[in-house]
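See below for the structure under consideration.
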């Protein structure tokens, strides 16, 4: 079956927008496990987008990328994180560095920033993926912001992973996927990084008996 | 022939890493380590000769790209790596003997060490910018446990900070890579080689400048975190304080430089499309930020490892200023300074390791009369201190003078503030402003000098406190110190022909051929 | 008469004159003071008798002292006499004019002072040290004023060579053009002379009260021929300064040629002039009390300012 | 008379070789301290002798020796040029070096077993070599290299006895000060580089585009601060009184005698050679004022010192000031195109430079001998040493006479020339300067007399009267080599005093090219027997004649004594101590000696005096013991050095907050940087 490029681009944009929405949701969400779920959801949307792009452009290695994403980010990593959360039994983010409304406002600003910055280079993009580069950048920035705004190690991890999602979106949507070898490398790294972080949180728990990263301030001038 | 060399480069560490997991005698581990290192060095020498003889070449089907610049970086990796391996012999055994680390954890240590090495080599030889990114991220992952190797609370904290900050930075760099790809697509089409330097360089001038600017900023901030440029430097002092001496020597001596190399590679591409003054301005800006900040922080250090950490930041800043100012002189000086810093700093950390073993404290106030307690180490510390404060007869003096001269003569390339938003324009290359920058440079160097030598002389001179053993026997661990010192002095007066050629070719490469 | 013989004879003449005249000046000053204090006082030629007696006496040397103590009198004598040879006395053209100008004279005298200070310290007695220390401060305070006043004079005469100055002024060059700076310089130099030669109000040569003495304290341990030499040197110094002042500021009548007649006249006039100055000093010594050591600064400050003003006037008048 | 370039070149290589040998051989020598010391000293002796030959032949050579080694590294070129100016300083350095080396042969015994003599000897050679190269360098980069090496070598020599706290402090203070100076020297050369486009001195002389006025001023100031710090001009002199005493005495002699002179070399090189002697009048004025200040303050602080080596260090400040007075006057005359007078001023300055090098080294060596014999530097514990150490005493006395500029010593000649220069200010057009120069002369005179007082104190308290401590009582004359070392310098002091007719023409070969006026034939009157700057009518002096006069009239005195007194017999007896037997405690102390000065110049010293009296229980009229403390305000430390240091510390301390340890903060840094760069830089 064949979809007109126009509609295709609409669809891709829609998916990207959904990704962005989940970002906001994550920023707003206080409960950690919910955050993780939202991340899983976002990854799912990401898979969807990737698949869509793959289908529309019909180059196969995006399928692989999509599949990998599905396995790693929808299944494995959320599992790991849940485990960590259970073990540390931290349910909710009690204190945040930035409260939710302010956070949301800032995120809005970040989105605008992303559009402002990418606006001159959007025309270069393919027809399919008009705005997803901007959205990708927005997601990266929001993920980054989440890491700053949250205190618990886990939620910082989530923020980091959100960044990664943004990057992946950029890679797939804006450029129809990086060269395969790079993709693989990236996935590998992300996986390892997540695992290592998981291990660390455990160790931190053992050492400091909490994972509130605000307590990590013994090393300073 | 080069083919083999390249294979050796990649396989030796891999193999060594694998073996380190299975063997269980420390002597054997060290043997493996030394063999792989020396293999690496020989391969490096072969490659250098090839590069100098018939210029850049690619291997393994476009996967590997080697030119004078990467050969130069490889040379540093090899030299410092070998020195570290020699030093580790006595250091690690001592750690095990004193029960600081369980014998079985040696395997893990060596495994990670080799992986670390492998990742750095890969990052240096990779043709594709993407693969390079993967490798650099890998270095983070490999080192984060090395840094936290002494499972103390502080080391955990340091490791965590290192992991988070560097990963975030690296992700930003990835976005830069994506953007590069994004721009190259339109010229090269959607091919898997579209990220290869060999492909990008020829067509670089057709790439979209705006995208490249964005890309470069992401890359700079990303890899800059790895280099430890202010304000992305915050992880560095903690990590350097907590990690075992040989690891720090590698981090400070090599890893930073590999990251710088990654930035320079990207810059080569960007400069074709955008005027060099853009990248140059940014580099100089961050360079100065690092230099100034570090100079002041050096004043208030009471822990000798942190002291050296900040001096690393300082010297990376100086090198960045060199590259930012550009021109044959600035670039040459920058590269040369990287080399000198690698040698001096690794030496400094070897010394630090020895001191810590003898005095059981990282507090400067606890250490005195080193000249009597540990003559060799005292010499190493003094020499590295003098080299790090850029005094003759050490090579760092030459490179720093080259850089500051370039700065005074050319000033910082201007107009990096002209944005599409029509920002303020000011060129910092007229005589007076370049002089004022020179003044700032000199002021900071004096500050850094005073701070560094105040602490170091305080440790070296005087009489050692009660209960400190006096005298120091010669061990294998002293060999690298002596060799590095000799090299530092020697390069201060004349550069061996091959090395000089290497540097000059690398400079040429960075100056858009 | 061949020039060499001429030179030597002139030199010997000057040496003899200085050596013979100087004790007389001391005697004269004492006499004047005595008279003004309604005493008869000793004869004018008492100082000669004193010297003769001292030379015959066997000196006592402190066991604590070193060769510095015994050589100092000779050095002192030598330096003062050499200084004297640079100053024109009865003839305006001294043969050794080329050997040193007025600065050389100042430093020759300083040489003597230096060794005298050392000698004062050499015996180890507290008096000597005290004298030396005070001598040092007085000397250091006189010097700047001296140099400035000398410079003022040098300007008016266009030379720093004494003999040249005197000769020119004697032939009525320079002096008449601008008297005011000359006057200032004269005043300054006179004060300096009082200080340098250890007269009241700076020092009192007659006293032996440890709290007040400067020069006397330094030479307290000297006796016999050494004391004789020191005393003679002191009077020589006085003679040098007086002839300096006399000839530089009032060179009239000095022998400008080497004709025997003019030389004779020159000699007579010279003796009269310095005798007059000696009387003046005597009078001053009676009129003023000795200043406290730390008041001396003010006096010499005045001298400095005067000299400076002299300089200023000169430039203002000339330009 | 001219010397072929080849022979010069050979001498130069010989010089390098022997210094290199001096650096290496001590370590190769057997592990016996005295052998190592001997080897090292022997090498530096040989090298210094060659250096003297090189310097002399360089002075008279027809054209300067130039040599250029292939540049091994971009920008760095090992280029040397031996023009008269350089040769003069090579000569000066080598003369002092020779004496110090011979002296060291005996003096090093002091260090056997305490420190590594081999290192000490090697460093000494390195120090001398670097100094020699500094003045020979013909390339800015090379100059900076040798300059820093010189500082470094001297630093390591200063901290030879690093077990002592004060030595460490002194060393570090010196290191930092000299580095600050170097920074300014670097700045100087960089400014010159900007318009010259190369570091070679030739291009500095003839830059591609002319230096703008503003830049010239910057060069002037930067060079003044940079070299001034090394020279120890007020107020940058802070390090001298610490560093010079801390070093081993023969090193102090070299540092104080010649190292600070390399700064004078630098100043002359930059001002007269690079800038071609074209400057506004206020440059010379500034130099003159700084010189006068340094001279006065230097000698005044010296007066209050009772640590012999500190005293000498302060006198270095004074003499640098005197040299600068000459140079400053020269510059002023140069401004008004009075080239001959300019030459005279410069010549006087250079003459005093070599004189100071000689007598200051001599005095430091003397101080070293006292230290060697008594193991203390405190004057109050000396006394009566002239009888125990006759030779040292004699040499020290000669040094003292020279530094007090008394005839017929060399110091007298140079200061006399200086006075004449200042008196020639009559010829200046500006009234202001007409008045300033004579006042400088007056202050110079004051300096001279204070120096006289100071050395009367130094010699009198140390060498005369009764020993004031057990140290002094047990003192013995120092070994032969040390005496020889001092003797050479003493002879030179007298020689240069008596033979200006030889020195002046040589100096004229330097000042002639620099100022464009050759004056030796004008100065030398009466076929060389008299010096007459200006004209014989204006002023003249004949040191040999003065000496002759002194000797003759001395003999006359002796003759009179014999004539009038007959047999020269003496009786010796204890000094009369008012009825008590004389003890050292009755003697005048150094503190007592300078008490009047302290009172008269109290505005400068700001003295703080503390007197504590502890009375007997029975009666308040009898003091059991009294404690007298007296300090003079360290004005410059308090109002200049400390504030600067504290300022930087303060800033650094406030910056701590940047590194507060919070991960979020660090993340924010990266985030903000990224955003800002994205917004502005794109």
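Chains as they are written, first to last, in this note's numbering: chain A, 1 to 221; chain B, 1001 to 1513; chain C, 2001 to 2319; chain D, 3001 to 3682.
We treat Cβ as the ideally placed atom computed from N, Cα and C, and that holds for glycine.
Bear in mind the structure is a predicted one, so any value in this text is a computation, not a measurement.
Next on the checklist: Give me the residue from 3528(D), 3498(D) and 3302(D) with the minimum Cα distance to residue 3505(D).
Outcome noted: Sequence index remark: in the fourth chain, residue 3505(D) carries index 505 (1-based). It is 3528(D).
Checklist entry - What is the rounded straight-line gap between the Cα of residue 1109(B) and the Cα of residue 1115(B)? => result The residue given as residue 1109(B) occupies position 109 in the second chain. The residue given as residue 1115(B) occupies position 115 in the second chain. Answer to the nearest angstrom: the Cα atoms are 10 Å apart.
Checklist entry - Just how far apart, CA to CA, sit residue 1421(B) and residue 134(A)? => result Working through the second chain from its first residue, we reach residue 1421(B) at position 421. Working through the first chain from its first residue, we reach residue 134(A) at position 134. Its pLDDT being 41, under 50, residue 1421(B) is placed unreliably by the model, and nothing is read from it.
Item to check | Residues from the stretch 1148-1168 of chain B in contact with chain A, defined by Cβ distance under 9 Å | outcome: From the stretch 1148-1168 of chain B, only 1148, 1151, 1152, 1153, 1154, 1156, 1157, 1158, 1159, 1160, 1161, 1163, 1164, 1167 and 1168 have a Cβ closer than 9 Å to chain A.
Item to check | Interface residues of chain A facing residue 3671(D) [CB-CB closer than 9 Å] | outcome: Counted from its first residue, the fourth chain places residue 3671(D) at position 671. Those are 141, 144, 145, 147 and 148, listed as they occur along chain A.
Checklist entry - Nearest chain D C-beta to residue 2046(C) closer than 8 Å, yes or no? => result One-based indexing of the third chain puts residue 2046(C) at position 46. Judged by the 8 Å Cβ criterion, residue 2046(C) is not in contact with chain D.
Item to check | Neighbour flag for residue 3664(D) against chain A, beta carbons, 8 Å | outcome: Start at 1 with the first residue of the fourth chain, and residue 3664(D) comes out as number 664. Judged by the 8 Å Cβ criterion, residue 3664(D) is in contact with chain A.
Next on the checklist: Let me see if you follow: with CB-CB separation under 8 Å, is residue 171(A) close to chain B or not?
Outcome noted: Numbered from its first residue, the first chain carries residue 171(A) at position 171. Yes, residue 171(A) counts as interfacial toward chain B.
Checklist entry - Which residue's Cα is closest to the Cα of residue 1459(B): 1221(B), 1413(B), 1496(B) and 1364(B)? => result Taking the second chain and counting its residues from 1, the one referred to as residue 1459(B) is at position 459. For residue 1459(B), the nearest C-alpha among the options comes from 1364(B).
Item to check | CB contact below 8 Å: residue 1143(B) versus chain A | outcome: The residue you call residue 1143(B) lines up with position 143 of the second chain. Cβ-Cβ to chain A under 8 Å: no for residue 1143(B).
Item to check | Any beta strand (DSSP E) of 3 or more consecutive residues that is wholly inside the stretch 1044-1119 of chain B | outcome: Runs found: 1057-1059 and 1064-1066.
Item to check | Per-residue DSSP class, three states only, for residue 1315(B) | outcome: For this step, residue 1315(B) is matched to residue 315 along the second chain. Residue state for residue 1315(B) is assigned as helix, using DSSP reduced to three classes.
Checklist entry - Which whole-angstrom value is the C-beta distance of residue 2133(C) and residue 3593(D), which I expect to be below 8 Å? => result For the purposes of this step, residue 2133(C) is taken as the residue at position 133 of the third chain. For the purposes of this step, residue 3593(D) is taken as the residue at position 593 of the fourth chain. Yes, residue 2133(C) and residue 3593(D) are in contact; Cβ-Cβ is about 5 Å, under 8 Å.
Next on the checklist: Short of 6 Å in beta carbon distance, which residues of its chain neighbour residue 1019(B), apart from the five on each side in sequence? Order them along the chain.
Outcome noted: Start at 1 with the first residue of the second chain, and residue 1019(B) comes out as number 19. 1032.
Checklist entry - For the stretch 1231-1293 of chain B, which segments carrying the alpha helix (DSSP H) assignment without a break, of at least 4 residues, lie completely within its bounds, in sequence order? => result Restricting attention to alpha helix (DSSP H) runs no shorter than 4 residues, the stretch 1231-1293 of chain B encloses them at 1235-1242, 1245-1250 and 1256-1273, ordered along the chain.
Item to check | Local conformation of residue 3608(D) per DSSP, three classes | outcome: Working through the fourth chain from its first residue, we reach residue 3608(D) at position 608. When secondary structure is reduced to three states using DSSP, residue 3608(D) falls in the strand class.
Checklist entry - Is it the case that the Cβ atoms of residue 3014(D) and residue 3073(D) are separated by a distance below 8 Å? => result Position 14 of the fourth chain, counted from the start, is the residue given in the question as residue 3014(D). Position 73 of the fourth chain, counted from the start, is the residue given in the question as residue 3073(D). Contact check for residue 3014(D) against residue 3073(D) fails: the beta carbons are separated by 8 Å or more.
Checklist entry - Taking contact to mean at least 3 C-beta pairs separated by less than 8 Å, is the stretch 1306-1320 of chain B in contact with the stretch 1290-1298 of chain B? => result The stretch 1306-1320 of chain B is in contact with the stretch 1290-1298 of chain B.
Item to check | Chain-ordered neighbours of residue 3661(D) on chain A, where CB pairs are closer than 9 Å | outcome: As a first step, residue 3661(D) is located in the fourth chain; it is residue number 661 there, counting from the start. Chain A residues near residue 3661(D): 216, 217, 218, 219, 220 and 221.
Checklist entry - Of the choices 1233(B), 1295(B) and 1504(B), whose alpha-carbon is the least far from that of residue 1162(B)? => result Working through the second chain from its first residue, we reach residue 1162(B) at position 162. Minimum Cα distance to residue 1162(B) is reached at 1233(B).
Checklist entry - Would you report the Cα separation of residue 1283(B) and residue 1264(B), rounded to the nearest angstrom? => result Here residue 1283(B) corresponds to residue number 283 of the second chain, with the count starting at 1. Here residue 1264(B) corresponds to residue number 264 of the second chain, with the count starting at 1. Rounded to the nearest whole angstrom, the C-alpha separation of residue 1283(B) and residue 1264(B) is 10 Å.
Item to check | Neighbourhood of residue 3636(D) by C-beta distance below 8 Å, restricted to the same chain and skipping five residues each side | outcome: Taking the fourth chain and counting its residues from 1, one reaches residue 3636(D) at position 636. The answer, listed in chain order, is 3234, 3235, 3237 and 3238.
Checklist entry - Which runs of the alpha helix (DSSP H), 4 residues or longer, sit entirely within the stretch 121-164 of chain A? => result Restricting attention to alpha helix (DSSP H) runs no shorter than 4 residues, the stretch 121-164 of chain A encloses them at 132-149, ordered along the chain.
Next on the checklist: In the DSSP assignment, the alpha helix (DSSP H) including residue 3343(D) goes from what residue to what residue?
Outcome noted: One-based indexing of the fourth chain puts residue 3343(D) at position 343. Residue 3343(D) -> alpha helix (DSSP H) spans 3339-3374.
Checklist entry - Which residues mark the beginning and the end of the alpha helix (DSSP H) in which residue 85(A) is found? => result Locating residue 85(A) in the first chain gives position 85, counting from the first residue. Unbroken alpha helix (DSSP H) run through residue 85(A): 77-88.
Checklist entry - If contact means a Cβ-Cβ distance below 7 Å, which residues of the stretch 1175-1191 of chain B contact chain A? => result Within the stretch 1175-1191 of chain B, the qualifying residues are 1175, 1178, 1181, 1182, 1185, 1186 and 1190.
Checklist entry - To the nearest angstrom, how far is it from the Cα of residue 2304(C) to the Cα of residue 3503(D)? => result Within the third chain, numbered from 1, the residue matching residue 2304(C) stands at position 304. Within the fourth chain, numbered from 1, the residue matching residue 3503(D) stands at position 503. Looking at the two C-alpha atoms, the distance is approximately 35 Å.
Checklist entry - Is the distance from the Cβ of residue 1099(B) to the Cβ of residue 1037(B) below 8 Å? => result By 1-based counting over the second chain, the position of residue 1099(B) is 99. By 1-based counting over the second chain, the position of residue 1037(B) is 37. Cβ distance not < 8 Å, so residue 1099(B) and residue 1037(B) don't count as in contact.
Item to check | Rounded Cβ spacing between residue 1075(B) and residue 1506(B) (contact assumed at less than 8 Å) | outcome: Counting from one through the second chain, the residue named residue 1075(B) turns up at place 75. Counting from one through the second chain, the residue named residue 1506(B) turns up at place 506. Their Cβ separation, rounded to whole angstroms, is 10 Å, which puts residue 1075(B) and residue 1506(B) out of contact at 8 Å.
Checklist entry - If you count every other CB in all the chains shown that lies within 10 Å of the CB of residue 3214(D), and 16 or more means buried, which is it? => result As a working note, residue 3214(D) is residue 214 in the fourth chain. Of the other Cβ atoms in all chains shown, fewer than 16 fall within 10 Å of the Cβ of residue 3214(D); this residue is therefore exposed.
Checklist entry - Could you give the residue range of the alpha helix (DSSP H) that holds residue 3272(D)? => result What you label residue 3272(D) is simply residue 272 of the fourth chain in a count that begins at 1. For residue 3272(D), there is no enclosing alpha helix (DSSP H), since its DSSP letter is neither H nor E.
Checklist entry - Nearest-angstrom Cα distance between residue 2090(C) and residue 2247(C)? => result The sequence position of residue 2090(C) within the third chain is 90, counting from 1. The sequence position of residue 2247(C) within the third chain is 247, counting from 1. Each residue's Cα considered, the two are about 9 Å apart.
Checklist entry - How about residue 3364(D) and residue 3257(D): do their beta carbons lie closer than 8 Å? => result Translated into positions along the fourth chain, residue 3364(D) becomes position 364. Translated into positions along the fourth chain, residue 3257(D) becomes position 257. Closer than 8 Å, so yes.
Next on the checklist: Please give the ranges of any alpha helix (DSSP H) in the stretch 1139-1185 of chain B, keeping only runs that are unbroken, at least 4 residues long and fully inside the region.
Outcome noted: Correct list: empty.
Checklist entry - When the cut-off is 8 Å and only beta carbons count, does residue 3183(D) lie next to chain B? => result By one-based count along the fourth chain, residue 3183(D) stands at place 183. Yes - at least one Cβ of chain B is within 8 Å of the one on residue 3183(D).
Checklist entry - Looking at the C-beta of residue 2072(C), does it have a partner C-beta in chain F at a distance below 8 Å? => result Within the model displayed, chain F is absent; protein chains A, B, C and D are what it includes.
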